[in-house]
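Below is one structure, written out as C-alpha cells, with a few remarks after it.
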Amino acid sequence: MPDRMTIRLHLRRIRVLEVLVDAVERLVVAVEDLRSVVRCPHCGFLTSRVHDRRRIRVRDLPHGGRLTTLVWMRRRFWCRNCDQRHVESHPEFRGKVTRRLARQMVRDAKDMSIKAVASRYQVSWWLTMRIVKAHAGQLEEHRRRRRCRILLVDETSLRCRHRYVTVISDGETGTVLAVVRHRDANALGKFLDAQGPAWRRHVQVVVTDGSKAYQAAIRRWLPDATHVLDRFHVSRWFSQCLVEVRRRIQRRGDKGTRPAFDPTIFRSRFLQVMRYDHLDDTQASRLAHVLAREPELDHAWRMLQHLYGIHLAATDADANQALGAFIDLWQERPLEEFWPAVDRLLGWADEIFNFHDAGRITNGAIEGRMNKLGVLKRVAYGFTNLHNFAARAVLISPEVPS
1 MPDRMTIRLH LRRIRVLEVL VDAVERLVVA VEDLRSVVRC PHCGFLTSRV HDRRRIRVRD
61 LPHGGRLTTL VWMRRRFWCR NCDQRHVESH PEFRGKVTRR LARQMVRDAK DMSIKAVASR
121 YQVSWWLTMR IVKAHAGQLE EHRRRRRCRI LLVDETSLRC RHRYVTVISD GETGTVLAVV
181 RHRDANALGK FLDAQGPAWR RHVQVVVTDG SKAYQAAIRR WLPDATHVLD RFHVSRWFSQ
241 CLVEVRRRIQ RRGDKGTRPA FDPTIFRSRF LQVMRYDHLD DTQASRLAHV LAREPELDHA
301 WRMLQHLYGI HLAATDADAN QALGAFIDLW QERPLEEFWP AVDRLLGWAD EIFNFHDAGR
361 ITNGAIEGRM NKLGVLKRVA YGFTNLHNFA ARAVLISPEV PS
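Everything in the sequence shown is counted per the working numbering, starting at 1 for the first residue and increasing by one.
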C-alpha cells in the first residue's frame with residue numbers, strides 16, 4: 001500500500017497506512033512494518049502468513065509542535081512449519097514510545113525533572129523514569145568496565161542530611177561510576193569488591209575526605225594505591241582553627257549585650273582565612289591594620305599561612321619546610337585552638353603529603369559534580385529513592401577530558 005501522508009516520519013522500515021487524526025494539537029498516524037516475510041523465532045523458518053493484527057499506540061516525537069502518536073498495526077504471524085504463532089518486533093519502537101523519543105526524554109532529563117519531561121510528552125511518570133533508569137544503567141555498566149587510574153570518593157546527603165550516600169567518580173574523565181547507600185567502610189568496600197581484583201590493580205590514586213571509614217576500606221581493598229586527603233578538606237580543618245581564635249578574641253561582652261564583639265575583627269573574618277597571595281593591596285592593608293591590633297590573632301594568621309604552604313609547595317621538601325615553619329611558631333606560642341590541626345597532622349600525615357607524590361590530585365572534579373547534584377535535588381524537590389537518585393547522578397555527568 002503506498003504512503004498517503006505528505007509529511008515523512010523519517011523512521012526506518014515503516015510504512016504509513018493513513019492519517020487518523022490531523023488536528024491542531026495532535027497527530028495520529030497508522031503505520032506498519034515494511035517486511036512481508038519474517039523468520040519464526042521457534043524453528044527459524046520464514047513465514048509470511050499473518051494470523052491477526054493488533055493496534056499498539058506508540059508515542060513519537062512532536063511534529064510541528066503537535067503531540068504525535070503512531071498506531072502500529074502489529075502483526076501476529078503463524079508459522080506453517082512448526083504451527084506456532086509469534087508477534088513481530090520493530091527496532092524503532094521501545095515499548096510505548098519510539099526510540100528517538102526515548103533518547104530525547106533522556107536528554108531532557110539531564111536538566112528537567114521527571115515530572116516535567118513526562119508532562120511535555122504526555123506520558124506517565126513511571127514510563128519516563130523507567131527509560132531514564134535503563135539508559136543510566138547501561139551507561140554505568142559501560143563506565144565500570146573501563147579501567148580507572150584515579151578514583152575520587154565523596155559523600156552527599158540524600159534526604160534532610162540524615163540519609164547519606166557515597167558518590168564514586170573517575171578522576172580523569174569526571175564521570176560518576178556509582179552512587180551507593182551509606183557512607184561507611186562497607187559502602188565503599190562493596191563497590192570495590194564488585195569491581196574485581198583486575199580492576200582494582202589499575203587504581204593508582206584514591207582521593208577522599210577525612211573519613212576514617214573510607215580510609216579503612218581503601219587500606220583493605222586498595223592496599224597498593226596512594227591515598228590522598230583532599231586539599232580542600234585539609235584547608236578547611238586548618239582555617240577552622242583560626243576561626244576559633246578569632247571568635248575568642250573578638251568577644252567583648254556577654255551574649256545579649258551590644259556590641260558583644262569587636263566589629264572591626266568580625267568584619268575582616270573572610271580576609272583572615274584567605275591566602276596572602278590572593279589579597280589585593282586594599283585587602284592586605286585592611287587586614288594588616290586588624291592584625292597589628294591583635295598580636296595573638298596575628299600569630300594564628302601566620303601559622304595558618306604556613307599550613308596553607310604545605311599544599312602551595314612545589315615539592316615534598318618545600319612542603320616539609322612549610323610544616324617546619326608552622327612547628328616553630330607553634331613551639332614559640334602554642335594556641336589551644338590549633339590542637340585539632342596538630343592532631344590531624346599527626347594522624348593523616350601520609351595522606352596529606354601524598355598530595356605531592358600523586359601529582360597534586362584533588363577532589364575538585366567530584367566537588368563540581370556535587371554542586372550539580374545539589375541543583376538536581378532542587379529541580380526534583382528532593383529524592384526519597386536511592387536508585388532514582390543514582391540514575392540521575394550518572395546521567396548528568398558526561399565524560400570530560402581530564
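Just so you know, even glycine gets a beta-carbon here, dropped at the ideal spot from N, CA and C.
Quick caveat, the model's predicted, so the values are computed rather than measured.
DSSP-derived helix/strand/coil call for residue i
| i | result |
| --- | --- |
| Ile-396 | coil |
| His-86 | strand |
| Ser-235 | helix |
| Met-274 | coil |
| His-182 | coil |
| Arg-258 | coil |
| Tyr-308 | helix |
| Ser-157 | strand |
| Leu-297 | helix |
| Thr-384 | coil |
| Ala-225 | coil |
| Thr-173 | coil |
| Arg-219 | helix |
| Leu-279 | coil |
| Ala-391 | helix |
Of the residues the options, the one placed nearest residue i, counting alpha carbons only
| i | options | result |
| --- | --- | --- |
| Arg-80 | Gly-44, His-63, Gly-64 | Gly-44 |
| Ala-349 | Arg-369, Gln-331, Asp-316, Pro-334 | Asp-316 |
| Arg-35 | Asp-22, Val-50, Arg-26 | Val-50 |
| Gly-171 | Gly-374, Arg-369, Leu-386 | Arg-369 |
| Ala-194 | Arg-100, Val-207, Ala-178, Gln-204 | Ala-178 |
| Leu-9 | Lys-190, Leu-307, Leu-61, Glu-351 | Leu-61 |
| Leu-271 | Pro-263, Gln-283, Phe-261, Val-228 | Gln-283 |
| Asp-184 | Val-165, Gly-196, Ala-325 | Val-165 |
| Val-290 | Met-303, Arg-267, Gln-305, Leu-279 | Arg-267 |
Burial state of residue i (16 or more Cβ within 10 Å)
| i | result |
| --- | --- |
| Phe-389 | buried |
| Tyr-381 | exposed |
| Ser-402 | Confidence is the limiting factor: at Ser-402 the pLDDT is only 46, short of 50, which leaves the residue's position unreliable and the question unanswerable from this model. |
| Glu-141 | exposed |
| Leu-46 | exposed |
| Leu-20 | exposed |
| Arg-4 | Low local confidence applies: a pLDDT of 48 at Arg-4 is under 50, so the model's placement there is unreliable, with the coordinate-based value given in what follows. It counts as exposed. |
| Val-24 | exposed |
| Cys-82 | exposed |
| Asn-363 | buried |
| Leu-346 | exposed |
| Ser-124 | exposed |
| Met-1 | Note that Met-1 scores 48 on pLDDT, short of 50, meaning its location in the model is unreliable; the coordinates nonetheless yield the value given after this. Exposed. |
| Asp-154 | buried |
| Glu-18 | exposed |
Cβ distance (whole Å) where residue i is taken to contact residue j below 8 Å
| i | j | result |
| --- | --- | --- |
| Arg-75 | Glu-92 | That belief does not hold up - the Cβ atoms of Arg-75 and Glu-92 are roughly 16 Å apart, past 8 Å. |
| Phe-326 | Leu-307 | 6 Å |
| Gly-189 | Arg-220 | 7 Å |
Residue i Cβ short of 7 Å to the ligand GTP heavy atom set
| i | result |
| --- | --- |
| Arg-149 | By its list of ligands, the structure shown contains no ligand whatsoever, and the ligand GTP lies outside what it can speak to. |
Closer than 8 Å to chain D by CB, residue i
| i | result |
| --- | --- |
| Thr-128 | Here chain D cannot be found, since the structure has a single protein chain. |
Query raised in the report: Which ranges would you report for the alpha helix (DSSP H) in the segment 311-367 if only whole runs of at least 4 residues count?
Result: 316-332, 339-347, 349-357
Query raised in the report: Which ranges would you report for the alpha helix (DSSP H) in the segment 93-132 if only whole runs of at least 4 residues count?
Result: 99-108, 114-121
**Report entry** Unbroken stretches of the beta strand (DSSP E), 3 residues or longer, contained in the segment 51-85
**Finding:** Taking only runs of at least 3 residues, the beta strand (DSSP E) segments lying wholly in the segment 51-85 are 66-78.
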